[in-house]
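Protein sequence lines correspond, in order, to chains A and B.
Heads up, the first sequence is in the working numbering, so the first residue is 102 and it goes up one at a time.
Heads up, the second sequence is in the working numbering, so the first residue is 34 and it goes up one at a time.
All C-beta atoms in this analysis are idealised placements derived from N, C-alpha and C, irrespective of residue type, glycine included.
Just below is one structure, and these are the notes that go with it.
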Amino acid sequence: MSQVTLGDIYAAAERNFDAAEQARAEFARTGLAAHELHRLVTAAARSLGDHAPHAVEAAAGTEVSAWQRAAAQLQEALRQAAEQIGQARENPGEPGEPQPDRCTRHLAHTADALLAGLDLLRSHTDVGYGGIRTGRSEWAPLMTSQPVISALTREMSRWSYRAGTLAHWLASDSGQASDAAHAALSRAGTLLCAADGIVASAMVGDLGSASDRDLLLGIPHASPPERRPPRDPETPAQLHTGITTSAARLRSAAFALPADAATSAAVSGPAWQRAARAGAIVSDIASLVLHGLAMRATRLAGCPADPHRLAAAAIALADARNAWEQAAGLWKIMTTDTQSPVNAVTVEASDLVIRMGRLAFDNPKWTPAIKHRAPPVAPEVLAPDPGALTTVLDAAHQAVDALARMADTDLAAIGAVSAVGRLYMPRNVLRGTPGPAHGHVTAPSQRVLLLRDLYRVVVGSTSRAAEELGAMVIDAAAPSRAIALARAAGLASAPARHTEPGLTLESLRPRIRAFGKPLDWRVTRLDEIDADAVVRAYRDNHRTLRECATQFATSERLITIILRDNAIPIHRSQPTPPPAEANQARPPAASPAPEPDAPARRLRCGPVERHMLALNVTDPGLLLRAAALDRASRELLSEGAASVSEQNPPASRLEPDRRRADRASLIAASDAPPSPRAAMRQPAGSPEREPTGSRSAAEPSARKRAPARRRALRTVRCERRMPIRFPRRRAQRPLTSTC
Amino acid sequence: MGLLETIREQLDTTDTPAAVLATGWDAFELIQQVATAQAQRTTGSYATWMSAIPPACEGRDALARAPSTPRNSSRQDLRVTEATGTDDEIAGGLAVLTALLARRLRGVASDVSAAADRQAIERGAAAADEILELLRAEG
């Protein structure tokens, strides 16, 4: 059974909601239906709440993108609608009462499905101390990415509209609602239907794409499927399912590796050697398969993939195979303190080897054993029709993507292990004495650096192959397109970390040859050194003579000879600029902010932040959020005041889209706490004052004021020349003057 | 293949645990080097030869850790650049060597007293079994 995806769950929700609508004639009790509608709307709000920005700050602020604002506004509308619906609901009855009607039951199943979808999204992150989220899978970084949030917002807005129409029906057409329930459900229905419009208008111009929705619906549960050991024989469809399962399990096992690699007993040199061997074999088999598909694609009508792209992917996989092979070769000498050859990664990688072999070779019992050797499956048997070609392409993509993930996490784990000195080499190898090892010593830094550079090449070559296959899978609408979209989205949000110009397998060959040599071994022949690579390293990558000598396992003298032969000027004291990676990794030095004294700080704060300080809140995160709320309120009030102060009626001048977009923001602003100073001035027993926002909006009619534009400019000037204190005025002082 | 015959003869004739361990180390190292060379040049058995390398390295390293393995630094420097013959012929020759290796290792397991020696011998024998399963012909 394949992994459950978010699309499967949402499809179940759609089916149940459609069934609920068809069963309206059997509807009995408004309260119970409202209870289920409340669960549905709450589930939609919480689905956004975990991943979208905080509603109030983003809804009022001006520095958020369209999709962030839309997500925040929709979340707020869903929350308020749920509050309204809550007034009309009844809790499900005691045991013994008659079962709810069919309509209500289907609504309950719909709510259950949306809650299950929420659980699936949450399965990819853990919430730890202080509410800090950590990832549990390779999908975790995508949970807050623009494509996923954008698609999730559109999905929830669709549910918002559907829930709104149902709320209106419950309020009136059902004929069951009481007056109070009617009013509450009507208000909720209006909010929910309007929210859909708010999202649509806020995201005008940001139409999103079908691929964003495919990515969202393709998100699987974080827990991998159960292991399916290869058995004899398996049909092509079973092989595809088995490869998909093994690839998912391999991705999951690889993700868990670097977390505690520095101290884990699960990581070991023998296990890494077996994993690299599996990487080489799978890459080799996948390359063979793609060659067969490329040949078949030239003769197959309606082929979903271009034969040239298939052939290019096959070549990319051959490069990946060579890199994995070299990595396996280094592990013949390099090792760790732990020696277990088996871990979760090697088990899944071995399953993947067997299934890929049975896909590619004409033997249903194929294993790497020489007695099971068989010729490759003929292309016309491998892909008899376009559908079968897509299936085989999909299987190859699953396998290669899993290898690329494994390589990435192996690189990170090797870095962690090397940092604590857990990499070793035989003493006799470094001394140049043959025979069994006379114990091990900590691996020299140059050999460790080569191992990590080689894994960077492995990551780069395998990832490139995965990207090429992923592009074809997306175009062919194959089952694993969500995985390809996830890789593309991950690349868009995170720059490439492992590629370095000039870092190729060829450029590493002199160092690889020197890996098993004694410490003092050097390349001594000019014809054994790639002169072009030396020139690139010195001139283009700004390496020093010593660094070039280390990189090419030779002496500075030979490097100098090569550079002079190629007419490259030599700078003896050439400084090496720091690598770009280090610059990006190092955060900019923060200028120390002068610590303000408490009274002055209080006077410069807005009302929310002042209230927090008055409550003795010291959590910097909470105080930042409070300051953001104050700033967002000031900006919103500036906009509102500017629009209200114009001569024409404000409502008619605002574009309908902006009016709708601002309505939710005003609703949010009206919830802002009143100014503590205003609260202190309020005499006892007087009616509660209106919130600051609405009071400020009404101000222009209360007294003479400067034109709105000048006032707005004054607000901007005020903010630039902080700190500044305006002379005290009478009671109704706008927030904009409290900088 | 002269080196293969030499090591096989040594395995057959040695009678002390130390000699078996030392020759066993040579055998694993030879298998690892031949498998590496064959993986480079084969066309149809890439998976076989690549899969034989890890257990050969593990068996070699296991025997190297045994306390009874001689630390003789004057041991012959094994260098195999290319083996002559087809995949089946080379695999057959190595399978015979591996079967003999597994049998001799288990044979001396009862002759050693140190627990570390017994553990190393067990791991070496298991590695030899894995290699044999990969290289053995049908039957």
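At a C-beta separation below 7 Å, residue 150/A has no neighbours in chain B, since its nearest C-beta there lies roughly 49 Å away. Distances from the CA of residue 452/A to each of 563/A, 347/A, 709/A were compared; the closest alpha carbon is that of 347/A. In this chain, the alpha helix (DSSP H) harbouring residue 409/A covers 408 to 431.
The distance from the Cβ of residue 397/A to that of residue 460/A is about 14 Å, inconsistent with a contact at the 8 Å cut-off. The DSSP-derived three-state label of residue 462/A is strand. Taking 9 Å as the cut-off, the beta carbon of residue 380/A is found closer than this to the beta carbon of residue 559/A. As a beta-bridge residue in DSSP terms, residue 234/A pairs with 228/A. Rounded to whole angstroms, the Cβ separation of residue 256/A and residue 317/A is 7 Å, and the two are in contact under 8 Å. Shown here, residue 346/A sits in a helix according to DSSP, grouped into three states. Residue 112/A and residue 321/A have their C-alpha atoms spaced approximately 14 Å apart. Those residues of the segment 435 to 456 of chain A placed with their C-beta closer than 8 Å to a C-beta in chain B are 436, 440, 442, 454, ordered along the chain. When Cβ-Cβ separations below 9 Å define contact, residue 343/A makes no contact with chain B. Within the DSSP secondary-structure output, residue 624/A pairs in a beta bridge with 655/A.
Between the segment 617 to 631 of chain A and the segment 650 to 667 of chain A, the count of Cβ pairs shorter than 8 Å is three or higher; the stretches touch. Annotation: Cβ neighbours of residue 378/A in chain B (cutoff 7 Å, chain order): 83, 84, 86, 87.
Going by C-alpha positions, residue 636/A is about 10 Å away from residue 643/A. Between the C-alpha atoms of residue 358/A and residue 510/A there is a straight-line separation of about 7 Å. Residue 543/A: not part of any alpha helix (DSSP H); member of the beta strand (DSSP E) spanning 541 to 543, first to last residue. Between residue 611/A and chain B, the shortest Cβ-Cβ separation is not below 9 Å. For residue 325/A, there is no enclosing alpha helix (DSSP H), as DSSP marks it with neither H nor E.
Following the DSSP letters along the chain, one finds residue 331/A in no beta strand (DSSP E), marked with neither H nor E. Under DSSP, residue 437/A takes part in a beta bridge, and its partners are 524/A. Residues of the segment 364 to 395 of chain A with a Cβ closer than 8 Å to any Cβ of chain B, in chain order: 371, 374, 375, 378, 381, 382, 385, 386. Nothing from the segment 498 to 520 of chain A brings a Cβ to less than 9 Å from some Cβ of chain B. Assignment of residue 476/A by DSSP, reduced to helix, strand and coil, places it in the coil class. Burial is judged here by how many other beta carbons sit within 10 angstroms of a residue's own beta carbon; residue 176/A has at least 16 and is buried.
For residue 476/A, a Cβ of chain B is located within less than 9 Å of the residue's own Cβ. Taking a Cβ-Cβ threshold of 8 Å, the residues of chain B close to residue 471/A are 78, 81, 120, 121, 124, 167, 168, 169, 170, in chain order.
The criterion of a C-beta distance shorter than 9 Å is satisfied by residue 217/A and residue 110/A. Per DSSP, reduced to three states, the secondary structure at residue 337/A is helical. Listed along chain A are 433, each with a C-beta nearer than 9 Å to that of residue 65/B.
In its chain, beyond the 5 residues on either side, 152, 222, 225, 226 have a beta carbon closer than 7 Å to the beta carbon of residue 244/A.
When secondary structure is reduced to three states using DSSP, residue 619/A falls in the coil class, being assigned neither helix nor strand. Note that the C-beta distance between residue 97/B and residue 520/A is not below 9 Å. Non-local C-beta neighbours of residue 502/A in its own chain, meaning closer than 6 Å and more than five positions away in sequence, comprise 567, 584, ordered along the chain.
Beta-bridge partners of residue 321/A (DSSP): 106/A.
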